[in-house]
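Our numbering runs 87 ahead of the 1-based position in the sequence shown.
Where a beta carbon is used, it is the ideal one built from N, C-alpha and C, also for glycine.
Quantities reported herein were computed from a predicted structural model and do not represent experimental measurements.
See below for the structure under consideration.
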Amino acid sequence: MKIFTKKYRLPVTFLTISFLTVFTFFFYFHVMDISVPFAEIAPDESNPFTAEQKEIIYIGIISRYPPEIIYKGYQPIMDYLNSSTNYSFELKLSSTYQETVEQLVNNEVAGAFLGTYLYIRAHEQYGVKCILKPLNENNEPYSSSAVIVKSGSSIKSISDLKGKKLALPSSESFSGKWLTDSELAQYGLSVADLDTINYFDHHQNVIYQVLKGMYDVGVVKERVAKAYEKKGIRIIRNSEKIPGPPFVVPKNADPIITKTIKEAFLKIDLKNETHRKLLQSWDSEYSFGFVEADDSDFNQLRKILRLNGRVK
């Protein structure tokens with residue numbers, strides 16, 4: 088083993104300092120010289136975090152169903168728009184029907200799925216515009232509401248509702264207004280003849296209240312009622328046909344985004360097997376495609392609502 092004695096320490100120290108000085112000089116001027124740019128690294132296009140990002144567009148949906156049911160039926164619709172356009176569409180939920188309208192008015196969403204009654208009011212107050220309406224299983228742009236009772240109920244007709252407890256969905260929905268506003272009167276009844284009337288957040292809540300016997304009768308969207316016919320629910324009356332719940336955009340909507348959404352939905356063709364399979368995962372309200380909508384499509388219902396003082 089070699090041992091450096093004291094007389095060799097000075098030369099060794101000098102050599103070490105000299106080496107570090109030269110190394111530092113070289114490192115600074117040839118490695119850390121910021122006047123010479125680094126070679127650019129091409130982005131990895133397969134990496135979603137480095138590839139060009141799509142603009143995020145939010146779509147509103149009224150709170151007619153619980154959030155988990157909305158996501159199950161509406162997220163596949165967003166997935167379709169994402170794969171068919173150059174935008175990234177995301178759902179923006181709300182806790183009330185009116186909150187979705189406010190999202191439209193404040194341009195927090197580029198479009199929204201509204202109810203028919205709510206659209207008529209929002210168009211009157213804020214100028215929102217309908218651009219599409221859904222088709223039903225008969226290839227018609229209509230929907231309806233249904234009066235429901237528990238399967239074993241003795242109630243057979245609207246005329247049997249005197250003294251009964253009534254469960255309704257949101258008062259901002261057609262289903263929440265139709266029976267009390269006009270249908271009861273056709274049978275010589277009024278709301279004063281009922282024992283109780285209560286509104287619930289979602290159509291499924293109304294179904295639950297009737298199934299559990301907490302309420303004698305309820306009103307929900309017809310297609311929701313049909314989904315529970317084999318689970319203890321019986322329909323005793325359907326409303327007249329009304330225009331299907333429209334897809335609407337703000338008064339000052341971006342024309343390019345609006346056109347993109349409209350064209351994507353109108354491309355859906357039920358004769359196309361791929362499209363048919365795709366629609367099976369969508370909320371059943373929209374699983375038969377769309378047609379263009381115009382505000383005049385809602386004039387007949389608007390007249391009825393005016394008679395009842397619901398709109399001007």
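On the DSSP bridge list, what partners appear for residue i?
i      : result
ASN325 : ALA233
ASN173 : DSSP, once it has assigned bridges, lists no residue as partnering ASN173.
LEU178 : ILE146
Would DSSP call residue i helix, strand or coil?
i      : result
ALA380 : coil
PHE200 : strand
PHE385 : helix
GLU406 : For the chain, the structure presents residues 88 to 399; residue 406 sits outside this window and is missing.
PRO163 : helix
SER374 : coil
LYS358 : coil
THR183 : coil
GLU155 : helix
GLU195 : coil
VAL398 : coil
LYS141 : coil
GLN478 : A question about residue 478 goes unanswered here, because the residues of the chain that appear run from 88 up to 399.
TYR115 : With a pLDDT of 39 at TYR115, under the threshold of 50, the modelled position of this residue cannot be trusted, and the question is left open.
THR108 : Its pLDDT being 47, under 50, THR108 is placed unreliably in this model, and the value from its coordinates should be taken loosely. THR108: helix per DSSP, three-state reduction.
Residue i and residue j: beta carbons closer than 7 Å?
i      : j      : result
PHE385 : PRO221 : no
LEU253 : LEU271 : no
SER232 : SER262 : yes
TYR229 : LYS328 : yes
ILE148 : TYR161 : yes
PRO332 : THR203 : yes
SER238 : ARG310 : no
VAL398 : GLU211 : yes
ILE348 : GLY198 : yes
ALA351 : SER171 : yes
SER175 : TRP265 : no
THR289 : TYR152 : It should be noted that the sequence gives His, not Thr, for residue 289. Yes, the Cβ-Cβ distance between HIS289 and TYR152 is below 7 Å.
TYR184 : SER257 : yes
LEU315 : ILE294 : The residue asked about is misnamed: residue 315 is Tyr in this sequence, not Leu. Their beta carbons are under 7 Å apart, which means TYR315 touches ILE294 by this criterion.
Restricting to Cα atoms, I'd like to know which of the options is closest to residue i.
i      : options                           : result
SER181 : SER170, TYR174 and VAL196         : VAL196
ARG389 : SER150, LEU205 and TYR167         : LEU205
ILE245 : ASP303, LYS179 and ALA351         : ASP303
THR283 : LEU255, ARG151, LYS313 and ILE207 : LEU255
SER241 : ILE323, ASN285 and GLN185         : ILE323
GLU155 : GLN291, ALA312 and VAL192         : GLN291
VAL297 : ILE235, LEU168 and ASN223         : ILE235
ILE207 : GLU259, LYS251, GLU142 and GLU227 : GLU259
LEU178 : ARG393, PRO163, GLN367 and LEU365 : PRO163
ILE391 : SER269, GLY214 and GLU360         : SER269
GLN273 : ASN173, LEU248, TYR213 and GLU372 : LEU248
THR345 : ILE294, GLU379 and THR267         : GLU379
LYS338 : ALA279, CYS217, ASN395 and LYS141 : CYS217
ASN223 : ASP381, ASN395, ASP382 and PHE375 : PHE375
GLY305 : ASN173, PHE200, TYR286 and ALA314 : TYR286
LEU366 : LEU168, ILE143, GLN140 and GLU142 : LEU168
ASN173 : MET165, ASN194 and GLU142         : GLU142
ASP381 : VAL215, ASN194 and PRO342         : VAL215
GLY396 : LEU353, THR267, TYR295 and GLU227 : THR267
LEU357 : GLY319, LYS313, SER368 and ASN226 : ASN226
LEU219 : GLU372, LEU394 and GLN387         : GLU372
PHE200 : GLN140, LYS317 and ILE146         : ILE146
MET165 : GLN387, ARG393 and TRP369         : TRP369
MET301 : LYS251, GLY275, LYS313 and ALA279 : LYS251
GLN387 : PRO330, TYR213 and ALA312         : PRO330
Is any heavy atom in the ligand COA found nearer than 6 Å to the beta carbon of residue i?
i      : result
PHE375 : The ligand COA is not part of this structure, which contains no ligands at all.
Checklist entry - If you scan the stretch 270-340 from start to end, which runs of the beta strand (DSSP E) of 3 or more residues do you find wholly inside it? => result If you keep only unbroken beta strand (DSSP E) runs of at least 3 residues inside the stretch 270-340, you get 283-286, 304-308, 320-325 and 334-336.
Next on the checklist: Runs of 3 residues minimum, wholly inside the stretch 203-269: which ones carry the beta strand (DSSP E) assignment?
Outcome noted: DSSP runs (the beta strand (DSSP E)) wholly in the stretch 203-269: 216-221, 232-237 and 252-255.
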